[in-house]
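Undergrad:
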Amino acid sequence: MDMDYRRILTVQDISCFGQCSLTVALPILSAAGHETCILPSAVLSTHTAGFTGYTVRDLTEDIPAITAHWKKEQISFDAIYTGYLGSTEQIDYVKDMLKTLVRPGGVSIVDPAMADGGKLYPAFDQPFVEQMKTLAFSADIILPNITEACFLTDAEYRETYDEAYIDDLLEKLRTAGAKTVVLTGVSFTPDTTGVMVFCDGKKQYYRHKKHPKGSHGTGDVYASAFVGAYLCGKSVYDAAGIAADYTLRCIERTAGDADHWYGVKFEPVLPYLIERLK
Ligand code: PXL
């Protein structure tokens, strides 16, 4: 068997336009050298952050037949990585996938993609959050931003905070059942940001330059690069750092192009990611 070649299943939506979710995850994971299988949670005309009047087709009812077929064919995965999901009901199906479709020794990675800037995305409500908790706390690794970490733990969201606040969030996640946490968008000074990694009972911070303007889709770029790097055999901390460096370069590459407000130009920066994974 080819030990460096991993088979990943990623479960998230297809936003046909908008550079997020599957249209980002598939190329990034492929560039990282992995066989990438997809299960679309929903199909939208665009993402929901900044566009109005988008179409949505939730694919929840198609999922049981798809996974039943895979089980019949004895298809399994080295990793399952989930992102933006289509419905509250769908989460039970995704939990079943983590239990039944990951090979022994494989890994489940959940990006609880549901909120940012203190607010849930338009499609989601509190019942969705409650279900997402059960998925996130059954995963091996979770990648929440601070807003999502607050929703997962019923903690108060703050715009400004100190290290004690972040420690408290990590502790709340850990007590709720989180094993390994990569908490994104943790910023202690105005011109830096970073990721707080909690792994094997230890906390480690990776700090990098902060771009003044936030961008759409960067959570998905980040999570995909993290998963790609981690499955290349990088440690959680190294994968978290590589993904941060890559995402920052994608943002810098896009900055200044006002027409490209909806996502980041991650494609021209793929050679940098590939170089870091060698
Ligand atoms: O990038 C996260 C994401 C994924 N998919 C859809 C979204 C968003 C963020 O808003 O709307 C459909």
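Sequential numbering from 11 applies to the sequence shown in my numbering. Ideal Cβ positions, reconstructed from N, Cα and C, are used throughout, including at glycine. Since the model is a prediction, treat every value here as computed from it, not as a measurement.
#1: On the DSSP bridge list, what partners appear for residue 25?
#2: In this structure, does DSSP put residue 142 in helix, strand or coil?
#3: When burial is assigned at 16 or more other CB atoms within 10 Å of the CB, is residue 63 buried or exposed?
#4: Would residue 239 and residue 254 qualify as a contact pair, given that the criterion is a beta-carbon distance under 8 Å?
#5: Within 8 Å, do at least three Cβ pairs link the stretch 79-89 to the stretch 111-120?
#6: Between the stretch 56-75 and the stretch 83-92, do at least 3 Cβ pairs fall closer than 8 Å?
#7: Could you tell me how far apart the beta carbons of residue 23 and residue 52 are, in whole angstroms, since I believe they sit closer than 8 Å?
#8: Give a yes or no on whether the C-beta atoms belonging to residue 21 and residue 104 are separated by under 8 Å.
#9: Considering residue 209, what are the terminal residues of the beta strand (DSSP E) in which it resides?
#10: Below 7 Å, is the gap between the Cβ of residue 270 and the nearest heavy atom of the ligand PXL?
#11: Where do the ends of the beta strand (DSSP E) carrying residue 87 lie?
#12: Would you mind working out which of 212, 179, 248 and 189 sits nearest residue 196, comparing C-alpha positions?
#13: Alpha carbon to alpha carbon, how far is residue 206 from residue 157?
TA: According to the data block:
#1: One-based indexing of the sequence shown puts residue 25 at position 15. Looking at the DSSP assignment, residue 25 forms a beta bridge with 54.
#2: Taking the first residue of the sequence shown as 1, we reach residue 142 at position 132. Note: residue 142 maps to helix in three-state DSSP.
#3: Within the sequence shown, numbered from 1, the residue matching residue 63 stands at position 53. By the 10 Å Cβ count, residue 63 comes out exposed.
#4: Counting from one through the sequence shown, the residue named residue 239 turns up at place 229. Counting from one through the sequence shown, the residue named residue 254 turns up at place 244. No.
#5: Because the criterion of three Cβ pairs below 8 Å is met, the stretch 111-120 and the stretch 79-89 touch.
#6: Segments in contact, no.
#7: Looking up residue 23 in the sequence shown gives position 13. Looking up residue 52 in the sequence shown gives position 42. Contact between residue 23 and residue 52 holds: CB atoms are separated by about 4 Å, below the 8 Å threshold.
#8: Here the question's residue 21 lines up with position 11 in the sequence shown. Here the question's residue 104 lines up with position 94 in the sequence shown. Cβ atoms of residue 21 and residue 104: closer than 8 Å.
#9: Taking the first residue of the sequence shown as 1, we reach residue 209 at position 199. First-last of the beta strand (DSSP E) with residue 209: 202-209.
#10: Locating residue 270 in the sequence shown gives position 260, where the first residue counts as 1. Checking every heavy atom of the ligand PXL against the Cβ of residue 270, none is found closer than 7 Å.
#11: On the sequence shown, residue 87 is found 77 positions in, with the first residue counted as 1. Looking at the DSSP string, the run of the beta strand (DSSP E) that includes residue 87 is 87-92.
#12: Position 186 of the sequence shown, counted from the first residue, corresponds to residue 196. Out of 212, 179, 248 and 189, the CA that lies nearest to the CA of residue 196 is found in 179.
#13: The sequence position of residue 206 within the sequence shown is 196, counting from 1. The sequence position of residue 157 within the sequence shown is 147, counting from 1. The alpha-carbon of residue 206 is positioned some 14 Å away from that of residue 157.
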